[in-house]
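Going by the UniProt record's numbering, the first residue of the sequence shown is number 1, and it counts up by one from there. We put the beta carbon where it would ideally sit given N, CA and C, even for glycine. All values reported here derive from a predicted model rather than from experimental measurement. Have a look at the structure below, then the notes.
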Amino acid sequence: MEPTGRSTKRMRPAPPHTHESTPGPAETTDPAAGRTQHPPPGAGGDGGEGPPDRISDLPDAVLGEIIFLLPTMEGARTQALASRWRHLWRTAPLNLDCRGIPGNLPGAILSAHGGPVHRLCLPSLLLQYRADVAGTWLRSPSLDTLQELEFYLELPITYRFSFSRLQLLQPPPASIFRFSSTLRVATISQCHLPDNTVETLQFPLLNKLALVEVKISEGSLQSIITSGCPALESLLLRTSFDIRGLRINSPILKSIGVHSRFVELIIQDAPSLERLLCLRMDMRMRVSVLSAPRLATLGYISQDSQDSKIMFGSTVIQRLCVVSLTMVVPTIKILAVHMNFNLDMVIELMKCFVCLEKLYMKIQTDSPAGTNFWRHKHRNFFTSQDIRLKTLVLGHYRGIQAQVNFVTFFILNAKLLESIRLEVDSRDYNDRFFAEQCRMLQMENRISRGAQLCVTTGSHNDVSSTVDLNDLDLADPFACRC
């Protein structure tokens with residue numbers, strides 16, 4: 001019988017509601033602590049009453065770094081904290097992010113600030129419609145040692161990018177490339193990079209590169225990766241045009257994110273590659289991994305990816321079905337998939353990725369594939385396989401019987417399981433639902449006594465919606481950061 005039942009900071013969503021199967025340690029609070037009101041950091045710098053201002057005692061260089069990490073306008077407002085802070089903003093490295101700033105202010109900020117600009121974020125439309133203004137700002141002497149440059153999108157990416165719009169993409173102003181010797185991070189958006197421009201480019205320090213809605217040839221992109229950016233470790237390609245295929249040969253590239261109209265991506269020789277994020281696999285894309293001995297993170301792979309394939313040598317996975325398993329892939333530890341709650345399919349994937357520790361799933365439809373009965377069909381799986389799964393995260397969980405069967409399989413059999421996270425609709429979230437799920441999932445019979453069940457309205461990170469480079473740096477780019 002089956003078991004029953006920077007500032008690139010994004011806007012933070014409302015905190016999710018969460019129930020956990022084991023409560024955290026009790027917290028104690030000093031009643032008097034709540035009655036003590038402290039002035040903000042720096043407020044005591046002019047000798048007023050109150051506790052010592054220890055932040056203002058820090059060296060100028062440290063305070064300058066603090067100011068740099070703040071959003072642009074908040075950094076400027078630190079001048080009003082105290083006399084100790086008054087001169088710091090004008091000499092600290094400037095983080096100039098134009099998001100939310102009136103169009104006439106960036107030029108004024110550049111004029112008023114006396115120190116170097118280390119980070120500059122401008123709207124990509126500035127390149128197309130106000131190239132003269134962009135050129136003037138980019139030629140400012142305060143940008144001579146610029147380290148981070150981002151042209152951000154003000155509108156969401158559209159994947160039905162019209163041919164007429166593609167033809168309107170213009171090359172960026174030449175002044176954008178004068179930072180080639182100092183840039184470490186660059187996001188280039190909505191422009192055309194012609195071959196004769198790319199062939200002259202050298203970015204010796206560039207560590208991270210994103211191309212977003214960029215028209216570039218395959219040869220030019222290949223040149224950037226193999227020779228133009230010898231220090232490149234993170235590469236993000238979103239809706240880049242004129243590219244049907246890409247071959248990766250890089251000794252230092254660690255992270256690749258692809259959300260583009262590629263037909264073929266070949267990882268030929270990437271000894272340092274750790275993360276491969278195929279952010280849009282629902283096109284007819286083929287990914288072939290020939291040599292990536294450190295590849296540990298893979299996702300998203302979609303069940304609805306038409307003719308898309310991912311191949312590890314002669315092992316072939318198509319639409320999440322393991323078509324050919326001639327060799328296991330022991331390096332993959334984190335896997336993210338879009339699929340139904342299909343236990344048979346997941347077990348086949350685990351036979352391929354034998355060292356899998358974290359599995360993230362988002363379902364594609366309301367109807368799971370099958371009932372996920374497993375007691376007879378898969379009863380020997382955990383005795384014959386050395387399963388290392390520690391974390392199971394399921395998005396769009398509704399608690400129907402087939403989903404319960406799916407989760408219970410891991411609760412009763414995964415000996416190393418530490419965490420089960422069920423992400424539910426806020427309409428389903430209540431104490432009764434949580435208690436019922438604990439009972440139906442047989443948490444009291446879990447084989448791993450340390451395993452905890454978390455039911456939440458939050459969502460793990462859907463990196464398929466990201467347009468920046470931040471996710472590529474994370475050891476686990478899919479983990480919830482709410």
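One thing to note: Leu253 has its Cβ within 8 Å of the Cβ of Leu232. Within the same chain, and ignoring the five residues on either side of Arg86 in sequence, the residues whose Cβ sits closer than 7 Å to its Cβ are Gln79. Annotated three-state conformation of Lys377 is coil, per DSSP. Lys208 counts as buried, since no fewer than 16 other beta carbons sit within 10 angstroms of its beta carbon.
For Met311, the beta-bridge partners assigned by DSSP are Ser288, Val316.
Looking at the DSSP output, Gly245 sits in a beta bridge with Glu264. Sequence-distant partners of Ile256 (beyond 5 residues in either direction) whose C-beta falls short of 6 Å from its own C-beta, in its chain, are Leu235, Leu276. Looking at Ala134, Gly313, Ala186, the one whose alpha-carbon comes closest to that of Ser175 is Ala134.
About 5 Å separates the beta carbons of Leu343 and Phe406, which is inside the 8 Å limit, making them a contact pair.
With a cutoff of 8 Å on beta-carbon distance, Ile216 and Ile248 are scored as not near each other. In summary, Asn196 is exposed, with fewer than 16 beta-carbon neighbours lying within 10 Å of its beta-carbon over all protein chains present. Counting only runs of 4 or more residues that sit fully inside the region 138 to 221, the alpha helix (DSSP H) segments are 163 to 168, 195 to 198, in chain order.
Rounded to whole angstroms, the Cβ separation of His396 and Ile420 is 15 Å, and the two are not in contact under 8 Å. Taking each of Asp471, Gln170, Ser384, Leu143 in turn and checking the Cα distance to Ala414, the smallest one comes out for Ser384. For Lys362, the secondary structure class from DSSP, reduced to helix, strand or coil, is strand. Across the set Phe381, His338, Glu148, the C-alpha of Phe381 shows the shortest separation from the C-alpha of Val354. In this structure Arg446 is buried. Its beta-carbon is surrounded by 16 or more other beta-carbon atoms within 10 angstroms. Per the Cβ contact rule, the region 185 to 202 is in contact with the region 136 to 154 (3 or more Cβ pairs under 8 Å).
Counted as a single uninterrupted DSSP element, the beta strand (DSSP E) harbouring Gln452 occupies residues 452 to 456. In this structure Val346 is buried. Its beta-carbon is surrounded by 16 or more other beta-carbon atoms within 10 angstroms.
Between Leu237 and Ile267, the gap from beta carbon to beta carbon reaches 8 Å or more. Residue pairing by DSSP puts Ala336 in a beta bridge opposite Tyr360. Excluding sequence positions up to five before and after Leu69, its CB lies less than 6 Å from no other CB in the same chain.
Measuring C-alpha to C-alpha distances from Pro251 to each of Ala210, Pro293, Asn470, Arg244 identifies Pro293 as the nearest. A direct Cα-to-Cα measurement between Gln128 and Val328 gives close to 49 Å. In this structure, Arg184 sits away from Leu201, with a CB-CB distance that is not shorter than 8 Å. In its chain, beyond the 5 residues on either side, Gly399, Val424, Val455 have a beta carbon closer than 8 Å to the beta carbon of Phe433.
Inter-residue distance for Ile67 and Pro477 is about 27 Å (C-alpha atoms, whole angstroms). One Cα belongs to Pro106, the other to Thr136, and the distance between them is close to 11 Å.
A Cβ-Cβ separation of about 4 Å places Val287 in contact with Ile310 under the 8 Å criterion. Residues Met361, Leu422 of the same chain have their beta carbon placed closer than 6 Å to that of Leu394, with the five preceding and five following residues left out of the count. Counted as a single uninterrupted DSSP element, the alpha helix (DSSP H) harbouring Thr408 occupies residues 401 to 413. Residue pairing by DSSP places Ile420 opposite Leu392, Leu453 in a beta bridge. The residue among Leu392, Glu199, Leu193, Cys229 with its C-alpha nearest the C-alpha of Val214 is Leu193.
When the Cα atoms are used, Pro172 and Gly115 turn out to be separated by approximately 26 Å. A Cβ-Cβ distance of about 6 Å is found for the pair Thr391 and Glu418, placing them in contact under the 8 Å criterion.
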